[in-house]
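Chemist: With positions in the sequence shown counted from 1, the corresponding number in my numbering is that position plus 1.
Quick reminder that beta carbons are idealized off the backbone N, C-alpha and C, glycines included.
Got a structure for you, written out below as structure tokens; questions coming shortly.
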Amino acid sequence: DVQYPWETAPGRAHETSFTADSLPPIYLDVNLTTNSDFFIFILLTGYTPFDSANLLRHWDVDPQLGKHPASDTVAQPVRWVSIEDARAFCAWRGLRLPDDFEWQLAAQGPDLTEGTPARAYPWGDALPD
Numbered sequence: 002d003v004q005y006p007w008e009t010a011p012g013r014a015h016e017t018s019f020t021a022d023s024l025p026p027i028y029l030d031v032n033l034t035t036n037s038d039f040f041i042f043i044l045l046t047g048y049t050p051f052d053s054a055n056l057l058r059h060w061d062v063d064p065q066l067g068k069h070p071a072s073d074t075v076a077q078p079v080r081w082v083s084i085e086d087a088r089a090f091c092a093w094r095g096l097r098l099p100d101d102f103e104w105q106l107a108a109q110g111p112d113l114t115e116g117t118p119a120r121a122y123p124w125g126d127a128l129p130d
């Protein structure tokens with residue numbers, strides 16, 4: 002049997018209600034990981050993925066720097082990374098990716114709690130600066 006994060010013990014008769022207060026508090030970064038962030042991670046750690054066929058395939062290649070983001074894309078969110086690459090980056094920062102239930106909570110927001118209004122965005126009602 003499995004134990005869901007909001008249950009006190011594993012069992013066959015799982016609680017079916019999932020609410021925001023079913024889970025412990027979580028903290029999500031407001032800003033996405035940029036190409037620059039991921040490039041710094043690679044430079045400082047020497048990270049090499051197990052499967053690099055598609056890793057950062059939109060980046061430029063330079064004999065001196067290797068793969069690197071083009072200057073006009075450094076502030077854009079990183080893409081072409083695998084789940085393993087994302088986990089490695091998070092671990093390097095002392096963080097982790099949210100689990101399925103935490104993603105659901107982040108996407109739906111406080112409207113999971115009865116009587117609480119939904120948010121316009123997962124992080125709140127205003128766009129980030």
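Would you report the Cα separation of Asp73 and Tyr122, rounded to the nearest angstrom?
Modeler: Within the sequence shown, numbered from 1, the residue matching residue 73 stands at position 72. Within the sequence shown, numbered from 1, the residue matching residue 122 stands at position 121. Each residue's alpha carbon lies about 27 Å from the other.
Chemist: Could you tell me if Pro70 is buried or exposed, where buried requires 16 or more neighbouring beta carbons within 10 angstroms of its beta carbon?
Modeler: Counting from 1 along the sequence shown, the entry for residue 70 is found at position 69. Pro70 should be labelled buried.
Chemist: Given a cut-off of 8 Å on the beta-carbon distance, is the pair Phe102 and Leu29 in contact?
Modeler: Position 101 of the sequence shown, counted from the first residue, corresponds to residue 102. Position 28 of the sequence shown, counted from the first residue, corresponds to residue 29. No. Outside cutoff.
Chemist: In the segment 14-93, which residue ranges form an unbroken alpha helix (DSSP H) of at least 4 residues, counting only runs that do not cross its ends?
Modeler: Counting whole runs of 4 or more residues, the segment 14-93 contains the alpha helix (DSSP H) stretches 36-46 and 84-93.
Chemist: Alpha carbon to alpha carbon, how far is Ala108 from Ala127?
Modeler: Here residue 108 is taken as the residue at index 107 of the sequence shown, counted from 1. Here residue 127 is taken as the residue at index 126 of the sequence shown, counted from 1. Rounded to whole angstroms, Ala108 to Ala127 spans 15 Å at the Cα level.
Chemist: Please check the pair Pro78 and Thr34, which I expect to be a contact at CB under 8 Å, by giving their CB distance rounded to whole angstroms.
Modeler: Position 77 of the sequence shown holds residue 78. Position 33 of the sequence shown holds residue 34. With 8 Å as the limit, Pro78 and Thr34 qualify as a contact, their Cβ atoms being about 7 Å apart.
Chemist: Counting only the same chain and skipping the five closest in sequence on each side, list residues whose C-beta sits under 8 Å from that of Ile27.
Modeler: Along the sequence shown, one-based indexing puts residue 27 at 26. Contacts found: Pro99, Glu103, Leu106 and Ala107.
Chemist: Looking only at C-alpha atoms, which of Asp52, Ile43 and Val31 sits nearest to Ala92?
Modeler: The residue given as residue 92 occupies position 91 in the sequence shown. Cα-wise, what sits closest to Ala92 is Ile43.
Chemist: Assuming Val75 contacts Lys68 under a Cβ cut-off of 8 Å, what Cβ separation, rounded to an integer in Å, is found between them?
Modeler: Numbered from its first residue, the sequence shown carries residue 75 at position 74. Numbered from its first residue, the sequence shown carries residue 68 at position 67. Not confirmed; about 13 Å, so no contact.
Chemist: Considering only residues of the same chain and omitting the five flanking positions on each side of Asn32, which have a CB-CB separation below 7 Å?
Modeler: For the purposes of this step, residue 32 is taken as residue 31 along the sequence shown, with counting starting at 1. Only Pro129 meet the Cβ criterion.
Chemist: Whose C-beta lies closer than 7 Å to the C-beta of Trp81 among residues of the same chain, with five residues either side of it excluded?
Modeler: Residue numbering aside, residue 81 sits at position 80 when the sequence shown is read from its first letter. Closer than 7 Å at the Cβ level, and outside the excluded window around Trp81, lie Asn55, Leu56, Leu57, Arg58 and His59.
Chemist: Grab me the residues of Arg88's own chain with a C-beta within less than 7 Å of its C-beta, minus the 5 sequence neighbours each way, in chain order.
Modeler: In the sequence shown, counting from the first residue as 1, residue 88 sits at position 87. Leu98, listed in sequence order.
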